[in-house]
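A.B. asks: Protein chains in written order, with this note's numbering: chain A, 241 to 716; chain B, 241 to 716.
We treat Cβ as the ideally placed atom computed from N, Cα and C, and that holds for glycine.
Structure below; questions to follow.
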């Protein structure tokens, strides 16, 4: 066992170093010999399993079924939708050989699976009775990033789900867009304790192949925004490219409408980054694999007495997947630091005096607050405190998000806002040329635009009419 | 919706065609544009999810944790263990390019993950306190088969778990070998209703890199054997190749002992093949995603009355994930055929006369037996019948397995047994040269050897002393 040292930098002094140290030292992830690919160690994989399980339940309620399509995509299939391939081809990993043989045709490792799934859809969908078709897969994808990799946030392989749904009518597809963006937003709020900006991506930033994209955007502590789960309305673009059609109730041939949507392992990194503090991770209780750690304070004379009570308490901690840390070769202080680094929401301390007084000390990871509770009330106290931690983390993150937004009316105001590590909110025209100009002058991009608002007056950056209220920021 | 036609060949007349038709027409899988890779459609993926969930629960009870390691393995890592690479290199898919760039070093797509996991193990394991380390991943692997692909049974990409455990002591690792082989055997029995031959693989057929391998072997209806889940005792082979060592309690450097073990999506194909009949799939109730289908017999005059009762029954079918098939544009007979093809264990028929008599007709998929039950007893009847189907399927498969075994005392007897599509059981020396001779003369290979028996007298194939009681057969 390598002794864990604590985090040696402060989060607000050197965020990037703080983040890496926190992820690696808390044993969430580790680097590997494959540049840009990490190990998801048990502690982060358990969180991903919870995300999968909870999201999957919600998707099944929407009538979505899981399936699994091949990892490989023949080159000619990947090339079928022009915008799509333009977006993805710079980052595709190519298989060219198998054993000692060169392949006749290169195979792409899926960066996303539209182009391998939709030929099957074209085969399966014949009649209106086959619709809607709502398939989802939980899998790994590869996008060969040439930028510096950051564990969870940007890497060459990540885990995600990809939903690919097909509807007879445009309205049905657009109704699902609303259901999905609501699902993403509420899942991030309720489980990850993360507030987001929900809105529509710009023409320039939308998904390659989509008519429009809706996203959730999160604010990182270093002032950069990062995109979270999203949903894309593809209209009939892929149906045209892949010959997906159906006979309607009048036996007339029609093209269906499609959506795709995803949440990825990136969200774990966003959560670690936003909630963590100088001591390490702070995990929201609803997502923490172990919600409580019980640390008996052991002295030679009173050890047996304390351990007996600790064992009794341990039984009540099962529902929290509680850990009893009764290792004797580490000091209590060392253990406190270790579990703080790992982000366990609640620490329960039990010393000889506590045993005498039939009490224990609960320490909140988020605030450090110590609460003395009677042993008979311990689970009801823990329940209440876990709920409170969940809410507090969300409220704190929400405050940080909204404090970081400034309304801007000119490009130079946006520059000033960005220099303060904040996000600019502006009336905007939405045009690609205008966005390119903004990017050239400020190094920002549009994050997304609020639903149901066209803004007022003119675009903050050009002379055109405002069509959106849009957030701009530096981004991952 | 493409109208399903039934299976057009008989299972015992043309097994291979029967198998393919059954898999494709029941919508378990479909071919894709990627040769050798299938789509796992929702009906089979739901079965895989059940397999994962149930196996995962059992593994967690053994103290196993899940993690996720990269898909890619740098060529020099893959090459580290000589026997291992010799076994796998002929079937490795190689990534050579990313975007427009040629990679400095080729990356293998994992055929199995020892060589990407163990460098991390070497880093993480320092002291006896870090052991045992028991990690598992559920992922996709690629083995570039040049033989004819068969859905589920042999393909270029499949889904599996891979457990990789590390112990300080040989006895601990060997104890886990027993736990795992017992887990595989009982899981296959209890859930898939599949009996297996459990035993040790020969020197020639063991896992590339292992000291020894234990396997489960199944008998397919065409007389070929197929290997199921297995577990490998790697001794210190990989510890040596990857420099995995630890300081024991006396601070002395030691090499640990390792196991690896896996169950794959192949087992779904084995189950479909063994239990299916001329009408299509027969799914064991414990693994069937939908255990019951209710088909109301609808005539114009009595439709409302029958549907009202059907809806009442439907509520009670929730715990079976029951399906109410009230489609009016298909005849009852057409529906019977469809659900039989898809293997749903129980069909409940409800006609106007049944409603009058407060009864329904239960039809067993395995035997075709019809049982009239009172509506008030319907769930207790279904419970009992589902259990009975599960047991019957297992007993039938067990009989088929043991009927297919013949004791053989010479190579020419083995040939005769094989010509009858059976398995030979023989006293055997276990030597690689002898196995090669047997293979050359009979086109069979050893499946595995019974535990705790060295056999009697001499090897059936050569003059050496018998060391094993071994099963020989043609195999997938």
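Run down chain C in chain order and give the residues with a C-beta less than 8 Å from the C-beta of residue 692 of chain A.
C.D. replies: Reference to chain C is not applicable here, since the protein chains of this structure are A and B.
A.B. asks: Relative to chain A, which residues along the region 298 to 331 of chain B have a C-beta separation below 9 Å, given in chain order?
C.D. replies: 305, 306, 307, 308, 309, 310, 311, 312, 313, 314, 316, 317, 329, 330, 331
A.B. asks: Over the uninterrupted beta strand (DSSP E) stretch that includes residue 668 of chain A, give me the two end residues.
C.D. replies: 663 to 668
A.B. asks: Using the C-alpha atoms, what's the distance from residue 685 of chain B back to residue 708 of chain B?
C.D. replies: 14 Å
A.B. asks: Note down, in chain order, every chain A residue with its Cβ under 8 Å from the Cβ of residue 339 of chain B.
C.D. replies: 329, 330, 331, 332, 384, 386
A.B. asks: Could you name the residues of chain A that residue 281 of chain B contacts, counting a contact when the two beta carbons are closer than 8 Å?
C.D. replies: In chain order: 307.
A.B. asks: Alpha carbon to alpha carbon, how far is residue 570 of chain B from residue 293 of chain A?
C.D. replies: Between residue 570 of chain B and residue 293 of chain A, the C-alpha separation is close to 36 Å.
A.B. asks: I'd like to know whether the C-beta of residue 274 of chain A is nearer than 9 Å to at least one C-beta of chain B.
C.D. replies: yes
A.B. asks: CA-CA distance, residue 711 of chain A and residue 645 of chain A?
C.D. replies: 8 Å
A.B. asks: Once DSSP output is grouped into helix, strand and coil, what is the label at residue 677 of chain A?
C.D. replies: helix
A.B. asks: Could you spell out where the beta strand (DSSP E) holding residue 525 of chain B opens and where it closes?
C.D. replies: First-last for residue 525 of chain B: undefined, no H or E at that position.
A.B. asks: Closer than 7 Å, Cβ to any Cβ of chain A: which residues of the region 389 to 414 of chain B, in chain order?
C.D. replies: Correct list: 397, 399.
A.B. asks: For the region 499 to 516 of chain A, which residues have a CB atom closer than 7 Å to at least one CB atom of chain B, in sequence order?
C.D. replies: none
A.B. asks: Per DSSP, which one or two residues make a beta bridge with residue 486 of chain A?
C.D. replies: A:494
A.B. asks: Could you check the C-alpha separation between residue 242 of chain B and residue 266 of chain B for me, to the nearest Å?
C.D. replies: Caution is warranted here: a pLDDT of 45 is assigned to residue 242 of chain B, below 50, making its placement in the model unreliable, and no coordinate value can be reported.
A.B. asks: Along chain A, which residues have their Cβ under 8 Å away from the Cβ of residue 375 of chain B?
C.D. replies: 282
A.B. asks: Is any beta-carbon of chain B found at less than 9 Å from that of residue 359 of chain A?
C.D. replies: yes
A.B. asks: For residue 213 of chain B, decide whether its Cβ has a neighbour in chain A, counting only Cβ atoms nearer than 9 Å.
C.D. replies: Any question about residue 213 of chain B goes unanswered here, given that chain B covers just 241 to 716.
A.B. asks: Just to make sure I have the definition right: I need the residues of chain A whose C-beta is within less than 9 Å of the C-beta of residue 347 of chain B. Which are they?
C.D. replies: 274, 333
A.B. asks: Considering only the alpha carbon of each residue, which of A:443, A:459, A:487, A:491 lies closest to residue 474 of chain A?
C.D. replies: A:443
A.B. asks: Taking C-beta to C-beta, are residue 408 of chain B and residue 372 of chain B nearer than 9 Å?
C.D. replies: yes
A.B. asks: Please classify residue 692 of chain B: is it buried, with 16 or more other beta-carbons within 10 angstroms of its beta-carbon, or exposed?
C.D. replies: exposed
A.B. asks: Tell me, please, which residues DSSP counts as bridged to residue 465 of chain B.
C.D. replies: B:459, B:715
A.B. asks: Figure out for me which residue from B:341, B:331, B:269, B:330 has the closest Cα to the Cα of residue 307 of chain A.
C.D. replies: B:269
A.B. asks: Does residue 241 of chain A come out as helix, strand or coil in the three-state DSSP assignment?
C.D. replies: The predicted model places residue 241 of chain A with a pLDDT of 42, which falls under 50 and marks its position as unreliable; any figure quoted below should be read in that light. If DSSP states are grouped into helix, strand and coil, residue 241 of chain A belongs with coil.
A.B. asks: Alpha carbon to alpha carbon, what distance is there between residue 466 of chain A and residue 517 of chain A?
C.D. replies: 19 Å
A.B. asks: Taking 9 Å as the CB-CB cut-off, is residue 289 of chain A touching chain B?
C.D. replies: yes
A.B. asks: Leaving out five residues on either side along the sequence, give the residues of the same chain with a beta carbon under 7 Å from the beta carbon of residue 604 of chain A.
C.D. replies: 586, 625, 629
A.B. asks: Out of A:340, A:330, A:423, point me to the one whose CA is closest to residue 341 of chain B's CA.
C.D. replies: A:330
A.B. asks: For residue 356 of chain B, which residues in chain A fall below 8 Å Cβ to Cβ?
C.D. replies: 272, 273, 274
A.B. asks: Check residue 345 of chain A in the structure and name its three-state DSSP category.
C.D. replies: Secondary structure at residue 345 of chain A: strand, using DSSP grouped into helix, strand and coil.
A.B. asks: Quick one: Cα of residue 677 of chain A to Cα of residue 468 of chain A, how far?
C.D. replies: Spanning the alpha carbons of residue 677 of chain A and residue 468 of chain A requires a straight line of approximately 25 Å.
A.B. asks: So what does DSSP say about residue 423 of chain A, is it helix, strand or coil?
C.D. replies: helix
A.B. asks: Pick out whichever of B:541, B:689, B:355 has its Cα sitting closest to the Cα of residue 439 of chain B.
C.D. replies: Nearest of B:541, B:689, B:355 to residue 439 of chain B, Cα basis: B:689.
A.B. asks: Checking 9 Å against the spacing of the C-beta atoms, do residue 627 of chain B and residue 461 of chain B come in under that value?
C.D. replies: Here residue 627 of chain B is not near residue 461 of chain B, since their CB atoms are 9 Å or more apart.
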